[in-house]
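Take a look at the structure below.
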Amino acid sequence: MLKGQVKGLLASLGLADMNLRQLLTQGVNLGLIVTTALMIWKGLVLCTGSESPVVVVLSGSMEPAFYRGDILFLNMGRKPFRAGEVVVFNINGRDIPIVHRIIKVHEKEAGTKKSDDVLILTKGDNNWGDDRALYNPGQKWLHRDHLMGRVVGFLPYIGQATIIMNDYPYVKYLLIGILGIFVITSKE
Amino acid sequence: MHTYMYRMNALFTVASTALAVICAAAALTDWTFTSDPPVSLQVKSYDGLQRESGEHRAWMTMQLKADLRDVFHWNTKQAFMYITAEFETPKNEVNQAVVWSRIVQKQKDANIKETVRFGYPYQLTDPGLSLHNTTFSLMFNWETVPVVGAMHRDTRVFPGLTFPGEYFRTRAIPKGW
Numbered sequence: 001m002l003k004g005q006v007k008g009l010l011a012s013l014g015l016a017d018m019n020l021r022q023l024l025t026q027g028v029n030l031g032l033i034v035t036t037a038l039m040i041w042k043g044l045v046l047c048t049g050s051e052s053p054v055v056v057v058l059s060g061s062m063e064p065a066f067y068r069g070d071i072l073f074l075n076m077g078r079k080p081f082r083a084g085e086v087v088v089f090n091i092n093g094r095d096i097p098i099v100h101r102i103i104k105v106h107e108k109e110a111g112t113k114k115s116d117d118v119l120i121l122t123k124g125d126n127n128w129g130d131d132r133a134l135y136n137p138g139q140k141w142l143h144r145d146h147l148m149g150r151v152v153g154f155l156p157y158i159g160q161a162t163i164i165m166n167d168y169p170y171v172k173y174l175l176i177g178i179l180g181i182f183v184i185t186s187k188e
Numbered sequence: 001m002h003t004y005m006y007r008m009n010a011l012f013t014v015a016s017t018a019l020a021v022i023c024a025a026a027a028l029t030d031w032t033f034t035s036d037p038p039v040s041l042q043v044k045s046y047d048g049l050q051r052e053s054g055e056h057r058a059w060m061t062m063q064l065k066a067d068l069r070d071v072f073h074w075n076t077k078q079a080f081m082y083i084t085a086e087f088e089t090p091k092n093e094v095n096q097a098v099v100w101s102r103i104v105q106k107q108k109d110a111n112i113k114e115t116v117r118f119g120y121p122y123q124l125t126d127p128g129l130s131l132h133n134t135t136f137s138l139m140f141n142w143e144t145v146p147v148v149g150a151m152h153r154d155t156r157v158f159p160g161l162t163f164p165g166e167y168f169r170t171r172a173i174p175k176g177w
């Protein structure tokens with residue numbers, strides 16, 4: 001009975017002429033694609049030292065340099081953070097990272113590794129005031145541990161795809177579904 | 001059905017590959033580009049040094065002449081110019097503050113001659129309360145954001161300046177600054 005069901009499913013996908021071995025091979029191919037993507041991402045994390053080496057700009061606070069939907073490449077680097085650099089930071093208790101420019105730095109010792117010995121204040125180029133209103137209540141400074149990396153590269157527009165997929169999740173499922181069917185049905 | 005799909009797929013692949021190659025080439029040409037723009041920055045007057053909400057805060061007026069038309073090339077989207085003050089105090093080895101900035105998107109607007117004064121939200125402050133007689137340097141920096149590719153940053157240092165040794169405030173500071 002199970003065999004009949006599988007056959008019916010395969011027929012509906014147009015795969016009736018495939019045998020089990022071919023089907024398994026395609027499954028392995030799909031797995032390889034997924035794991036390769038994961039490896040590239042983790043490799044980038046390792047090389048850049050940033051937990052999120054590629055980010056999509058989600059707000060207009062850095063216009064006219066970065067618009068919503070632009071892609072930024074981050075690098076942590078060994079050098080200490082300095083005023084004027086554009087950085088990505090995470091406020092405790094919030095999941096969306098923010099891309100803004102450093103406007104003040106106070107460092108107890110030059111290049112110190114102690115997070116709390118580094119005081120940083122940021123501001124968005126397109127915002128009138130500094131970011132103290134954005135930080136948690138009572139928080140005056142960012143520390144080293146809040147920072148996820150500095151912006152080193154720029155690629156316009158491409159991130160729009162991510163924004164569309166985030167705003168309309170069914171587009172994402174449709175796309176993943178279509179790609180999955182392509183991978184499974186392609187015969188090499 | 002497959003032939004149409006395959007043709008569209010091939011077309012899309014070729015188009016995106018070509019675009020990627022052009023972008024990479026544009027980004028690479030940035031690295032062959034050098035510029036040496038003339039910049040001069042002078043302190044005209046010290047306008048104030050006060051204690052304000054637990055910090056020392058200083059005001060001054062500067063004369064800036066910077067002709068950055070040189071740094072624009074075909075892969076430049078904008079230049080972000082900014083002036084930073086840097087100093088060392090007993091409490092903190094490195095103190096930096098941006099005191100002025102300007103976004104320039106067109107080459108013809110990049111010739112700047114102006115009297116620079118500190119305005120909100122930029123302020124020169126020291127939480128260590130030790131600006132008196134402290135030596136500082138001013139830095140004029142510019143960061144170019146490309147149309148596509150890597151960000152570039154360059155800087156000019158004007159060292160050897162000293163903050164005044166007493167608290168004062170002149171009429172040159174507008175109210176609310």
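Respectively, the protein sequence lines represent chains A and B. 1 is the number of the first residue of the first sequence in full-length UniProt numbering; add one for each residue after it. 1 is the number of the first residue of the second sequence in full-length UniProt numbering; add one for each residue after it. All residues carry an ideal CB built from backbone N, CA and C; glycine is no exception.
Under 8 Å between C-beta atoms, does residue i make it to chain A?
i: B:Phe158; result: no
i: B:Val71; result: no
i: B:Tyr122; result: yes
i: B:Ile22; result: no
i: B:Tyr82; result: yes
i: B:Met151; result: yes
i: B:Ala97; result: yes
i: B:Ile103; result: yes
i: residue 191 of chain B; result: The first residue shown for chain B is 1 and the last is 177, placing residue 191 of chain B beyond what the model contains.
How about residue i: is its C-beta nearer than 8 Å to some C-beta of chain B?
i: A:Asp144; result: The question names Asp, but residue 144 of chain A is Arg in the sequence shown. By this cut-off, A:Arg144 is not an interface position.
i: A:Phe89; result: no
i: A:Gly69; result: no
i: A:Arg133; result: In the sequence on display, residue 133 of chain A carries Ala and not Arg. By this cut-off, A:Ala133 is not an interface position.
i: A:Lys114; result: no
i: A:Gly84; result: yes
i: A:Lys123; result: yes
i: A:Gly153; result: yes
i: A:Gly31; result: no
i: A:Gly129; result: yes
i: A:Glu107; result: yes
To the nearest angstrom, how far is the alpha carbon of residue i from that of residue j?
i: A:Leu46; j: A:Asp70; result: 23 Å
i: B:Ser137; j: B:Leu19; result: 44 Å
i: A:Asp167; j: A:Leu72; result: 20 Å
i: B:Arg69; j: A:Ile184; result: 55 Å
i: B:Glu166; j: B:Val99; result: 21 Å
i: A:Thr35; j: A:Asn29; result: 10 Å
i: B:Thr29; j: B:Gly54; result: 49 Å
i: B:Phe118; j: B:Thr61; result: 7 Å
i: A:Ile40; j: A:Trp141; result: 34 Å
i: A:Ala37; j: B:Thr135; result: 52 Å
i: B:Arg102; j: A:Ser115; result: 31 Å
i: A:Gly49; j: A:Gly43; result: 10 Å
i: B:Met5; j: B:Gln107; result: 45 Å
i: B:Asn111; j: B:Gln105; result: 12 Å
i: B:Arg153; j: A:Arg150; result: 13 Å
i: B:Glu143; j: A:Arg21; result: 57 Å
i: B:Pro86; j: B:Ile173; result: The residue you asked about is not Pro; residue 86 of chain B is Glu in the sequence shown. Going by the C-alpha atoms only, they are around 21 Å apart.
i: B:Gln50; j: B:Leu124; result: 11 Å
i: A:Arg68; j: A:Pro156; result: 9 Å
i: B:Asn9; j: A:Gly180; result: 15 Å
i: B:Thr170; j: A:Arg101; result: 31 Å
i: A:Asp117; j: A:Leu175; result: 47 Å
On the DSSP bridge assignment, give the partners of residue i in chain order.
i: B:Ile83; result: B:Trp100 and B:Phe140
i: B:Glu55; result: B:Glu52
i: A:Met39; result: Answer is none; A:Met39 lacks a bridge partner.
i: B:Arg7; result: B:Arg7 pairs with nothing; no bridge assigned.
i: B:Asn133; result: Paired residues: none, contrary to the question.
i: B:His152; result: B:Thr144
i: B:Ala15; result: In DSSP, B:Ala15 forms no bridge with anything.
i: A:Ser52; result: Per DSSP, none; premise fails for A:Ser52.
i: B:Thr125; result: B:Arg57
Take the Cβ of residue i as the centre, count every other Cβ of all protein chains shown within 10 Å, and call the residue buried at 16 or more, exposed below.
i: B:Pro38; result: exposed
i: A:Lys104; result: buried
i: B:His2; result: exposed
i: A:Glu85; result: buried
i: B:Leu131; result: buried
i: A:Tyr170; result: exposed
i: B:Ile83; result: buried
i: A:Leu32; result: exposed
i: A:Arg82; result: buried
i: A:Pro53; result: buried
i: B:Gly48; result: buried
i: A:Asp131; result: buried
i: B:Gln42; result: exposed
i: B:Leu64; result: buried
i: A:Phe182; result: exposed
i: B:Ser40; result: exposed
i: B:Met139; result: buried
i: B:Asp36; result: exposed
message = With three or more C-beta pairs closer than 8 Å as the rule, is the stretch 103 to 122 of chain A touching the stretch 130 to 144 of chain A?
response = yes
key: Contact the stretch 153 to 168 of chain A vs the stretch 89 to 109 of chain A: 3+ CB pairs below 8 Å   = no
task = Could you tell me whether the stretch 77 to 88 of chain B touches the stretch 133 to 153 of chain B, using the rule of 3 or more Cβ pairs below 8 Å?
result = yes
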